[in-house]
Amino acid sequence: MAATKKAGADKLPIRMLHDRVLVSVEADSGERRSGGGILIPATASVGKRLSWAVVVATGTAVRHVETNDRVLFDPEDRHEVELQTKQYILLREKDIHAVAASRVEDGQTGLYL
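Last residue of the sequence shown: number 103 in my numbering, and the count goes up by one each step with no gaps.
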């Protein structure tokens, strides 16, 4: 597990501390489709929406998230940082609502409690 945590951090000139998680937000065109196939434009007013991102690096105290996991977080609770001309978001592990990864077994929610 320790090797997995360091793998993503080796590619970037940064070492995450404590419970911090560095994520890369997935590209979102703004437009999306409803379950029925209706196209919803980016300008449509929507309630508070959570966003998906991919974990790039984790701190030493992070317990439930690993590099390359897809995580769900509130885009309003974030701090942006630019590394090597690419935008990343810095989160605390407790700000992550869920983990979507193949290693998460049935019956485990991936939620940080």
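Glycine included, each C-beta is placed from N, C-alpha and C at the ideal position.
Following the continuous beta strand (DSSP E) through residue i, name the residue where it begins and the one where it ends.
i	result
Ala90	86 to 90
His69	69 to 73
Thr113	Residue 113 falls outside the range modelled here, since the chain spans only -9 to 103, and no answer is possible.
Leu62	60 to 63
Arg82	76 to 82
Leu12	10 to 15
Please report the distance separating the alpha-carbon of residue i from that of residue j.
i	j	result
Lys76	Lys84	24 angstroms
Ala(-8)	Leu29	Low per-residue confidence applies at Ala(-8): pLDDT is 45, beneath 50, and the placement is therefore not dependable, though the value from the model is reported in the following sentence. Looking at the two C-alpha atoms, the distance is approximately 43 angstroms.
Ser41	Val89	12 angstroms
Leu80	Arg10	7 angstroms
Asn58	His87	16 angstroms
Gly49	Leu2	13 angstroms
Tyr78	Val13	6 angstroms
Leu7	His54	15 angstroms
Glu66	Ala91	23 angstroms
Arg39	Asp64	7 angstroms
Does any residue of chain D have a CB that is nearer than 8 angstroms to the CB of residue i?
i	result
Leu40	The structure shown contains no chain D, having only a single protein chain.
Hey, would you say the C-beta of residue i is under 7 angstroms away from at least one heavy atom of the ligand NAP?
i	result
Thr57	Ligands are entirely absent from the displayed structure, and the ligand NAP is therefore not among its contents.
Just checking my contact of residue i with residue j at CB under 8 angstroms: how many whole Å lie between their CB atoms?
i	j	result
Val15	Ala43	5 angstroms
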